[in-house]
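Chemist: Structure below; questions to follow.
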Amino acid sequence: MKYLLRRIFITHWPRKLIAFISAIIVWFLVSQTIAITQTIPDVSVRVINLPADKTVVGLLPTGILNRRIAVTLTGNKPVVEAITPKDFEIVINAEGKKESWITPIDKKTLVDLSPEWDLKKEIFNVEGGDLFIKLSKLVTEEIPVTLTPPIGEPPKGFRFLDIWPRHLYQKVSGPAEQVQGLKKQGLELTFNLNKITAAELSALEDVQGKEISYFVPEEWKQVTVPFRDYAHEPLNDPRAAYLQLDFLKQELVALDTQLPIALFFPVKYSDTFNPQTYSLAPGTLVEEKNGIELFTTPLYAHDVGRLFLDTVKDNMQLTIIVVPKEVEENLEWAIEFINLDALAKSYVTASLQELEVNGDEQQPKYTEEYFRNRFHKYIRQFTLYTEDDKSLELQATLNKNTINLS
0 MKYLLRRIFI THWPRKLIAF ISAIIVWFLV SQTIAITQTI PDVSVRVINL
50 PADKTVVGLL PTGILNRRIA VTLTGNKPVV EAITPKDFEI VINAEGKKES
100 WITPIDKKTL VDLSPEWDLK KEIFNVEGGD LFIKLSKLVT EEIPVTLTPP
150 IGEPPKGFRF LDIWPRHLYQ KVSGPAEQVQ GLKKQGLELT FNLNKITAAE
200 LSALEDVQGK EISYFVPEEW KQVTVPFRDY AHEPLNDPRA AYLQLDFLKQ
250 ELVALDTQLP IALFFPVKYS DTFNPQTYSL APGTLVEEKN GIELFTTPLY
300 AHDVGRLFLD TVKDNMQLTI IVVPKEVEEN LEWAIEFINL DALAKSYVTA
350 SLQELEVNGD EQQPKYTEEY FRNRFHKYIR QFTLYTEDDK SLELQATLNK
400 NTINLS
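Per numbering that gives the first Met the number 0, the sequence shown runs over residues 0 to 405.
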């Protein structure tokens, strides 16, 4: 056994060593020249040299199509086994093209992106079938952008009021059919109130007061365009510079006046119920002054600004609707605002006078509309409260020829 091992490993060992090394060299050289075929999925397709007035359906701003293809490569084994879709791309030359066409995917369309290999030498053949390139007219349109109600909750102690502006336009360029479809559909942008902190709003409150305008950060001002693979694009409407979320510091605001009380008599019941047959009974809640019945309980409001209250408080009244007991045992009542259009105008004028513009000035028509919208929002959500922060509850009932309020 020892003799056999000696003959194998020791006898004529120089020749055997040379043979062994030669075999390794031959194996290495052969392995490097073996050609194999492999299919690479998800390969990018780039289109170049498009005419100025044309584009390709599905082309992203990067110049790459939003669809990827599978490409079959034949080449040197080590390279083909190691290659990934990041190492190359298919490039289609659209120079001189005036309409859609079918282009073959072959070695001429392969572009090397790899720093490691020279794929033009390492790859012998490229097959990807035929690719249909749909050429389309390049158009630019203004796409309506709707600012939807935000999601999330405002910081504790603050109430969300509104977004301004509520509508913007985004200039979008692309294939005519896709841009026109997007124009009909429109775009939406939704903000998340959870991203805003109480500390941010409190700092603004110190400068702006109880009505706070939070200017939207630039990184939030982005929309996604569906036919561009939902890529994020910054808003390009000039009015986006003034995009803001409005908040109100939550607190009771005193009305600082006594409300007149009026009785309303529907005409269909007026034979029995009219000012000559029914009047408001004196009581702890009612005080007569200069022939006017006034509501004596101190009143407060939530979720409105001080300027709004100062504008409307002298044009408000508490109206009781007088109807038979069979219709309403507890008479309905409501808070009415007298001469609403004039009040809105006064509020807008007063708000503009208070407005301090830093840097670029907003165009007056935008600012007036902004304050008018805020005024009507306050009107819609207006509710009266008592000093213990409970909503005002009243009972108005018929008693012989009087209306009792309690």
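We put the CB at the ideal spot given by N, CA and C, even for glycine.
Treat the numbers as computed from the prediction; the structure is a model and nothing was measured.
Across which residues does DSSP place GLU88 in a beta bridge pair?
Modeler: DSSP lists VAL110 as the bridge partner or partners of GLU88.
Chemist: In angstroms, rounded to a whole number, what distance separates the CA positions of LEU188 and ILE122?
Modeler: 47 Å
Chemist: Once you ignore the five residues that flank LEU134 on each side, which residues in its own chain have a CB closer than 7 Å to its CB?
Modeler: Result list for LEU134: LYS53, VAL55, LYS96, GLU98, SER99, in chain order.
Chemist: Between the Cα of ASN193 and the Cα atoms of VAL178, TYR369, ILE337, ARG158, which residue gives the shortest distance?
Modeler: ARG158
Chemist: Leaving aside the five residues before and after ASP245 along the sequence, list all residues of the same chain whose C-beta is less than 8 Å from its C-beta, in chain order.
Modeler: PHE159, LEU160, ASP161, ILE162, TRP163, GLU210, ILE211, SER212, TYR213, ARG373
Chemist: Can you say whether PRO174 is buried or exposed, counting buried as having 16 or more other CB atoms within 10 angstroms of its CB?
Modeler: buried
Chemist: For a quick check, are the C-beta atoms of LEU306 and GLU335 less than 8 Å apart?
Modeler: Result no, Cβ atoms of LEU306 and GLU335 do not sit closer than 8 Å.
Chemist: What do you reckon, are the CB atoms on GLY156 and GLN249 nearer than 8 Å?
Modeler: yes
Chemist: Which whole-angstrom value is the C-beta distance of THR295 and GLU287, which I expect to be below 8 Å?
Modeler: Not really, about 10 Å apart at Cβ, beyond 8 Å.
Chemist: Can you give, in chain order, each stretch of the beta strand (DSSP E) that sits fully within the region 136-168 and has at least 3 residues?
Modeler: 157-163
Chemist: Let me check understanding here. Comparing Cα to Cα, which of GLY208, ARG66, ILE402 lies closest to GLY304?
Modeler: GLY208
Chemist: Going by the CB atoms, is the gap between ILE320 and GLU331 shorter than 8 Å?
Modeler: yes
Chemist: With DSSP as the reference, identify every bridge partner of ARG45, one or two as the case may be.
Modeler: ILE63, VAL90
Chemist: Is the CB-CB distance between ILE64 and GLY74 below 8 Å?
Modeler: The sequence shown places Leu at residue 64, rather than the Ile named in the question. In this structure, GLY74 does not lie closer than 8 Å to LEU64 by Cβ.
Chemist: I need the straight-line Cα distance from THR441 to SER405, nearest angstrom please.
Modeler: With the chain running from 0 to 405 in the structure shown, residue 441 is simply not present.
Chemist: In chain order, what residues of the same chain lie with their CB nearer than 6 Å to the CB of ILE101, ignoring the 5 residues before and after it?
Modeler: ASP129, PHE131
Chemist: Looking at the structure shown, is ASN314 part of a helix, part of a strand, or coil, going by DSSP?
Modeler: helix
Chemist: In the DSSP assignment, find the unbroken beta strand (DSSP E) run with LEU397 in it and report its ends.
Modeler: For LEU397, the enclosing beta strand (DSSP E) begins and ends at 395-398.
Chemist: Candidates TRP219, PRO323, ALA93: which alpha carbon is nearest LYS267's?
Modeler: PRO323
Chemist: Near VAL110, what residues of its chain come up, given a Cβ to Cβ distance below 8 Å and the 5 sequence neighbours on each side ignored?
Modeler: ARG45, PHE87, GLU88, ILE89, VAL90
Chemist: Bridge partners of ALA331, per DSSP?
Modeler: Just to set this straight, residue 331 is Glu in the shown sequence, not Ala. Under DSSP, GLU331 forms no beta bridge with any residue.
Chemist: Between the Cα of PRO153 and the Cα atoms of LYS119, ILE142, GLN275, ALA197, which residue gives the shortest distance?
Modeler: ALA197
Chemist: Compute the Euclidean distance between the alpha carbons of ASN273 and ILE291, then round it to the nearest angstrom.
Modeler: 17 Å
Chemist: Short of 6 Å in beta carbon distance, which residues of its chain neighbour LEU49, apart from the five on each side in sequence? Order them along the chain.
Modeler: Around LEU49, the same chain offers ALA93 as residues with beta carbons nearer than 6 Å, after the five sequence neighbours per side are excluded.
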